[in-house]
Amino acid sequence: MERSLKNQVALITGASSGIGTGIAKAMAESGATIVVNHSSEHSLESAQTVANDIIKKGGKAITYQCDVSQETEVVNMFQDVVSQLGTVDILVNNAGIQKDAKFTEMTLDQWNAVINVNLTGQFLCAREAIKEFLRRGIDPAKSVACGKIIHISSVHEIIPWAGHVNYASSKGAIRMMMQSLAQEYGAQKIRVNSICPGAIQTPINTNAWNTPEALDSLLTLIPYNRIGTPEDIGNLAVFLASDLSDYITGASIFIDGGMTTFESFATGG
Ligand code: NAP
4 MERSLKNQVA LITGASSGIG TGIAKAMAES GATIVVNHSS EHSLESAQTV ANDIIKKGGK
64 AITYQCDVSQ ETEVVNMFQD VVSQLGTVDI LVNNAGIQKD AKFTEMTLDQ WNAVINVNLT
124 GQFLCAREAI KEFLRRGIDP AKSVACGKII HISSVHEIIP WAGHVNYASS KGAIRMMMQS
184 LAQEYGAQKI RVNSICPGAI QTPINTNAWN TPEALDSLLT LIPYNRIGTP EDIGNLAVFL
244 ASDLSDYITG ASIFIDGGMT TFESFATGG
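Numbering follows the numbering used here, with no gaps: position 241 of the sequence shown is 244.
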């Protein structure tokens, strides 16, 4: 049973920041060659820093600019990565954004922006990844599976979130996409799972942790009494990409310090 990700190519969307960077570094330490995807020129430098950090530690990484909500860019990214690195073995569908608004004030642009990146982006990348997995077939020297997809969802695939209806809707839909793909491609030995983080300290949610008052308020939702880190998510992603988790497919795995035990019920209900 192969425990490492040696000789496998992992394409991680939105790896220039936060959780994506944590997953990129963890997978690189486990032997994978990393494609550090980012969306635009403004994040080129941070993407290069992630790739350089990996290379300095003896790992392998390249950067690739692609807006995952744009079909042509996604198709080109997969074609280019396959011609440069031979294949893609692992897709981490991580890129995501928030555009928060009270529902009656939410614009169609805010709705579309979040759905286009968080949901359509995951669809486009999963489609191109599965085509590549099926073209390549199983390579037993690398993994018993034909390919692995990890969707980065959220506790908000099951916890409703007032003021964030576009975001919660995108994450709820990811659950059905993930399970439908696991069902459709299980026979071909393609494993598809979701990681559902709780509160992880990254730039997407700075307001939730950057003052002592905000952090205290956040911690009332977390029985384990600490905010999560990108490293926490990286560790789980490595497990889900490796053959150690070979019988896991179609699963949403919550990694949230107990947030989904609904802490407010600890003192009654
Ligand atoms: P982050 O630090 O803001 O990182 C978001 C990443 O997504 C950046 O690398 C960004 O790159 C990339 N991205 C955004 N739009 C993109 C696009 N159109 N194409 C390609 N890349 C794009 O946020 P994060 O907290 O790490 O979030 C990562 C994922 O975890 C998201 O799906 C988020 O919903 C999920 N999540 C986060 C938490 C949390 O507490 N932090 C909890 C649950 C779930 P550019 O700068 O290049 O755009």
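Beta carbons: idealized from backbone N, C-alpha and C, even for Gly.
Selection from the options that minimises the alpha carbon distance to residue i
i           : options            : result
residue 161 : 69, 177, 47        : 177
residue 101 : 264, 209, 252, 244 : 209
residue 62  : 17, 191, 38        : 38
residue 29  : 253, 42, 44, 54    : 54
residue 19  : 207, 217, 214      : 207
residue 237 : 167, 24, 14, 7     : 24
residue 229 : 245, 241, 247, 215 : 215
residue 59  : 77, 71, 31         : 31
residue 189 : 268, 168, 119, 141 : 141
residue 131 : 168, 244, 79       : 79
residue 169 : 114, 211, 213      : 114
residue 57  : 69, 72, 34         : 34
residue 3   : 22, 118, 69, 64    : Because the chain spans 4 through 272 in this model, residue 3 falls outside it and cannot be assessed.
residue 194 : 74, 67, 88, 95     : 95
residue 91  : 10, 218, 179       : 10
residue 159 : 171, 166, 165, 167 : 171
Residues sharing a beta bridge with residue i, DSSP
i           : result
residue 94  : 14, 152
residue 231 : 203
residue 64  : 37
residue 238 : DSSP lists no partner for residue 238.
residue 194 : 151
Boundaries (first-last residue) of the beta strand (DSSP E) holding residue i
i           : result
residue 177 : Run containing residue 177: none in the beta strand (DSSP E); it sits in the alpha helix (DSSP H), 168-188.
residue 265 : It is not in any beta strand (DSSP E) - residue 265 carries neither H nor E in the DSSP assignment.
residue 255 : 255-258
Host alpha helix (DSSP H) of residue i (start-end)
i           : result
residue 49  : 47-59
residue 30  : 21-32
residue 247 : That residue, residue 247, is in no alpha helix (DSSP H); it is neither H nor E in DSSP.
residue 81  : 74-88
residue 126 : 124-139
residue 219 : 215-222
residue 111 : 111-118
Any C-beta of chain D under 8 Å from that of residue i
i          : result
residue 34 : Judged by its chain identifiers, the structure shown contains no chain D, having just a single protein chain.
Would you check if there are 3 or more beta carbon pairs closer than 8 Å linking the segment 206-224 to the segment 121-133?
-> The segment 206-224 vs the segment 121-133: no contact.
Are the segment 143-153 and the segment 201-215 touching, with three or more C-beta to C-beta distances below 8 Å?
-> As far as the Cβ criterion goes, the segment 143-153 does not touch the segment 201-215, which means the pair count is below three.
Meets three-Cβ-pair contact criterion under 8 Å: the segment 259-266 and the segment 41-51 = no
Does the segment 105-120 come close enough to the segment 130-150 that 3 or more CB-CB pairs lie under 8 Å?
-> no
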